[in-house]
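Peer 1: Protein chains in written order, with the numbering used here: chain A, 1 to 376; chain B, 377 to 752.
There are 2 protein chains.
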Amino acid sequence: MTSRFRFQIEARDGRARTGRIFTPRGEIRTPAFMPVGTAATVKAMLPESVAATGADIILGNTYHLMLRPGAERIDRLGGLHGFMNWGKPILTDSGGFQVMSLAELRKLSEEGVRFSSHVDGKRHMLSPESSMEIQRLLGSDIVMAFDECTPFPADEPTARTSMELSMRWARRSREAFGDRPGHALFGIQQGSVYPELRAQSAEALTAIGFDGYAIGGLAVGEGQERMFGVLDYAPGMLPDDRPRYLMGVGKPDDIVGAVERGVDMFDCVLPTRSGRTGQAFTRRGAVNIKNARHADDPRPLDPDCGCPCCAGYSRAYLHHVFKAGEIIAAMLITWHNLHYYQELMAGLRRAIAEGRLAAHVAAFHARRAEGDIEPI
Amino acid sequence: MTSRFRFQIEARDGRARTGRIFTPRGEIRTPAFMPVGTAATVKAMLPESVAATGADIILGNTYHLMLRPGAERIDRLGGLHGFMNWGKPILTDSGGFQVMSLAELRKLSEEGVRFSSHVDGKRHMLSPESSMEIQRLLGSDIVMAFDECTPFPADEPTARTSMELSMRWARRSREAFGDRPGHALFGIQQGSVYPELRAQSAEALTAIGFDGYAIGGLAVGEGQERMFGVLDYAPGMLPDDRPRYLMGVGKPDDIVGAVERGVDMFDCVLPTRSGRTGQAFTRRGAVNIKNARHADDPRPLDPDCGCPCCAGYSRAYLHHVFKAGEIIAAMLITWHNLHYYQELMAGLRRAIAEGRLAAHVAAFHARRAEGDIEPI
Chain A
1 MTSRFRFQIE
11 ARDGRARTGR
21 IFTPRGEIRT
31 PAFMPVGTAA
41 TVKAMLPESV
51 AATGADIILG
61 NTYHLMLRPG
71 AERIDRLGGL
81 HGFMNWGKPI
91 LTDSGGFQVM
101 SLAELRKLSE
111 EGVRFSSHVD
121 GKRHMLSPES
131 SMEIQRLLGS
141 DIVMAFDECT
151 PFPADEPTAR
161 TSMELSMRWA
171 RRSREAFGDR
181 PGHALFGIQQ
191 GSVYPELRAQ
201 SAEALTAIGF
211 DGYAIGGLAV
221 GEGQERMFGV
231 LDYAPGMLPD
241 DRPRYLMGVG
251 KPDDIVGAVE
261 RGVDMFDCVL
271 PTRSGRTGQA
281 FTRRGAVNIK
291 NARHADDPRP
301 LDPDCGCPCC
311 AGYSRAYLHH
321 VFKAGEIIAA
331 MLITWHNLHY
341 YQELMAGLRR
351 AIAEGRLAAH
361 VAAFHARRAE
371 GDIEPI
Chain B
377 MTSRFRFQIE
387 ARDGRARTGR
397 IFTPRGEIRT
407 PAFMPVGTAA
417 TVKAMLPESV
427 AATGADIILG
437 NTYHLMLRPG
447 AERIDRLGGL
457 HGFMNWGKPI
467 LTDSGGFQVM
477 SLAELRKLSE
487 EGVRFSSHVD
497 GKRHMLSPES
507 SMEIQRLLGS
517 DIVMAFDECT
527 PFPADEPTAR
537 TSMELSMRWA
547 RRSREAFGDR
557 PGHALFGIQQ
567 GSVYPELRAQ
577 SAEALTAIGF
587 DGYAIGGLAV
597 GEGQERMFGV
607 LDYAPGMLPD
617 DRPRYLMGVG
627 KPDDIVGAVE
637 RGVDMFDCVL
647 PTRSGRTGQA
657 FTRRGAVNIK
667 NARHADDPRP
677 LDPDCGCPCC
687 AGYSRAYLHH
697 VFKAGEIIAA
707 MLITWHNLHY
717 YQELMAGLRR
727 AIAEGRLAAH
737 VAAFHARRAE
747 GDIEPI
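1) Got a sec, what are the start and stop residues for the alpha helix (DSSP H) E133 (chain A) sits in?
2) Check whether the Cβ of M66 (chain A) lies closer than 8 Å to any Cβ atom in chain B.
3) Confirm, please, whether the CB-CB distance from A387 (chain B) to A729 (chain B) is below 8 Å.
4) State the Cα-Cα distance for the pair R405 (chain B) and D432 (chain B), rounded to the nearest angstrom.
5) Taking contact to mean at least 3 C-beta pairs separated by less than 8 Å, is the region 577-593 of chain B in contact with the region 611-618 of chain B?
6) Just verifying my parser: in three-state terms, what is the DSSP assignment at L435 (chain B)?
7) Using a beta-carbon distance below 8 Å, is N461 (chain B) in contact with chain A?
8) Please determine if the region 270-285 of chain A and the region 302-310 of chain A are in contact, where contact requires at least 3 C-beta pairs separated by less than 8 Å.
9) By the criterion of Cβ-Cβ separation under 8 Å, what are the contact partners of S314 (chain A) in chain B?
10) Helix, strand or coil, according to DSSP, for A311 (chain A) in the structure here?
11) Mind checking who S116 (chain A) pairs with in its DSSP beta bridge?
12) How would you write the range of the beta strand (DSSP E) that G563 (chain B) sits in, first residue to last?
13) Strictly below 8 Å CB to CB, what residues from chain A border A431 (chain B)?
14) Taking a Cβ distance cut-off of 7 Å, strictly less, list which residues of the region 409-436 of chain B are near chain D, in chain order.
15) In whole angstroms, give me the CA-to-CA distance for P628 (chain B) and G585 (chain B).
16) Figure out for me which residue from B:D496, B:A634, B:P400 has the closest Cα to the Cα of F642 (chain B).
17) Quick one: which chain B residues come within Cβ less than 9 Å of H124 (chain A)?
18) Using alpha carbons as the reference points, say which of B:R393, B:G436, B:R401 lies closest to P411 (chain B).
19) Do Q566 (chain B) and G352 (chain B) count as a contact pair if the criterion is CB distance below 8 Å?
20) To be precise: take each residue of the region 269-283 of chain A, compare its Cβ to all Cβ atoms of chain B, and keep it if any distance is under 9 Å. Which residues remain?
21) Return the residue from the list B:H736, B:M442, B:L541 that minimises the CA-CA distance to S493 (chain B).
22) Reducing DSSP to helix, strand and coil, say where T468 (chain B) ends up.
23) Assuming P181 (chain A) contacts R4 (chain A) (C-beta within less than 8 Å), just tell me the rounded distance between them.
24) Apply the 10 Å Cβ neighbour rule to Q474 (chain B) and answer buried if 16 or more other Cβ atoms are within range, or exposed otherwise.
25) Spatial neighbours of T41 (chain A) within its chain, please: C-beta separation below 7 Å, excluding the five flanking residues on both sides.
26) Distance check for R452 (chain B) and Y313 (chain A), CA to CA, integer angstroms please.
27) Alpha carbon to alpha carbon, how far is L694 (chain B) from A311 (chain A)?
28) Can you give the beta carbon distance from F146 (chain A) to L126 (chain A), rounded, assuming they're within the 8 Å contact cut?
29) What is the DSSP secondary structure of A346 (chain A), reduced to helix, strand or coil?
30) Identify whether P35 (chain A) lies in helix, strand or coil by the three-state DSSP scheme.
31) Using a Cβ-Cβ cut-off of 7 Å (strictly less than) and excluding sequence neighbours within five positions of G262 (chain A), which residues of its own chain qualify?
32) Check the Cβ-Cβ distances between P239 (chain A) and every residue of chain B, and say whether any is below 8 Å.
33) List, in chain order, every chain B residue whose beta-carbon is nearer than 9 Å to that of R73 (chain A).
34) Quick check: what's the CA-CA separation for S140 (chain A) versus F22 (chain A)?
35) How is N667 (chain B) classed by DSSP in three states: helix, strand or coil?
36) Of all the CB atoms in chain A, is at least one closer than 8 Å to the CB of I665 (chain B)?
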């Protein structure tokens, strides 16, 4: 156990890097995928199962937790780690993104965002200061600065105004966070698809100084091509020796492309949400278990996968329990999907360490191009 | 592994017995509680977790499985054990009870019951012969004879007519079952609350000869007092050297009273269904996790319980995830409830083996009378 937060790059391949983030609660191997545990649970999973997939860190949502069960309550109960029985690192978002997408009667000002809870209608305020306080009460290991996620599309003046507000909020976040050994604060780059704005944002954040840097304002509907367009230059604007986190990304091929472009950390609801809607990720692409062609198929989702779902259950079984509305369908497919995502990250880490990322990525795309195994 | 079905009583205390049922798929310690796995899943549980609670056998529902995914399909896929990844014994009911309570457009005749599926409206037939065939296709270890569960209340002539039909069906079930080494067929005693009819039913079944005997037609609304009234005499009418199974029972105190009266096997949806509705069973009685008094309670459901739910999670957490509609609430509370039920059975088995059942039962009731732990 180390008592401070530290990032160590162990190998590089092109712009891609692999390494380790050290925290008092454990190491995070990068590039890392963080399963999303919105309301103090990675949906349909026990935390020991999440750890068994290889996850070193999970993400918690400040907005959801502040409303229910409440940050003060979680603090009284000893913090989010003990509350949800997850002893490894937790990153919490700032609440900024979700307050704008989920809350009602929002009013954004220089101070922050006033809103009504989507749970019970009560009035709340999120600001750099209150977000830092809530994330402290939760006991988060990696705290995110409070920002405005610039919507897409945004014209240049709109994107500039939004980015500049986020930079003022970044400074207030840094000041409110203070000095908390063993806990990290990440700044968030904004600037939409405008290189000049991204550069100004990176410069502002670097001047303030953070333990890590997120690339914000992507995965908001701009499409993979535009996202990769930004990722061709944005990560390089951020300090090389700090972790870079692409928020809310993404599909497997999004992640692969972002890792190639120098991103170290990811989070996304896709593997867990898809687990509940019957979509499974495999090395050969997505499988929709609802499809009738699986009803008599004795084969697992992926014959080469070592997860408990593939070790114990056929597509026919998964099809049946999904159609019957059984909880075990979500449990098994979510487990498989999180296992797949962690295997994806492990494969990328190994490839970077061994200097064969380009070949690894080519093989990744070739296997997907083959498509799902033939119906029996 | 033994190749035949065998019951061995190892100790007695009053009318209660403890022992072991040997089957090719493993031993069943009696008195035994069988979790219900209606649609090829014990709801919200992985099968290895069901086994970890101490369950030696689970129950599958013929009616549900014949409709979805279909017995022929399960047979093609290698049988119910492999399909649902449960290698230990499975008992299947005959479908007789559920066809009368769930199916539509039912028509009962001497031949059997014609009905429409509640899933897709298709017409089906359940008879002694088709029930035996379906249970064979499922690969059930303990097969139940096809019977009519006499509704309660029923006057004596109605109960007699129903019982006599069930006895004719019992004979047809026996003939259709044939000789299947390693697999058992249980007959089902009917006769409602009439001792004379219960005696005639027991005599008819014994003359046919079964590997075990169920006490049917109870737990259908008659109340615990009347049920215990029947159990005061009905088990003694059945062969002493064969397992006695009380179908669909029940609450913890129902089970305790039935074990005192000589019953060896039980099944009930209560621990699993309650797990999904937020009711937890503890040694001090039931706990409703929805209740606001748990919102800040850092203590587990039962401080003396060794299940993973009580080892890792507070009442406050369970309250939160239940209120938030999270799947983990059902997963954890179901696990706790099944653990509680298996601990209940293990305690009864030990008490019988050590000849101290009366004191054990007195302590069971005394602890429940104390009520739940005081709110903090």
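Glycine is no exception: its CB is placed at the ideal position from the N, C-alpha and C atoms.
Peer 2: Taking the structure as given:
1) 128-138
2) no
3) yes
4) 7 Å
5) yes
6) strand
7) yes
8) yes
9) L453, F459
10) helix
11) A:E104, A:R123
12) 560-565
13) Here the premise fails: no neighbours, minimum Cβ distance about 16 Å.
14) Here chain D cannot be found, since the structure's protein chains are A and B.
15) 31 Å
16) B:A634
17) Near H124 (chain A) there are no residues of chain B at all, since even the closest Cβ is about 17 Å away, more than 9 Å.
18) B:G436
19) As shown, chain B starts at 377 and ends at 752. That puts residue 352 (chain B) outside it, with no answer to give.
20) R276
21) B:M442
22) strand
23) 6 Å
24) buried
25) M84
26) 15 Å
27) 30 Å
28) 7 Å
29) helix
30) strand
31) R15, A16, R17, P235, G236, R244
32) no
33) A671, D672, A692, H696
34) 15 Å
35) coil
36) no
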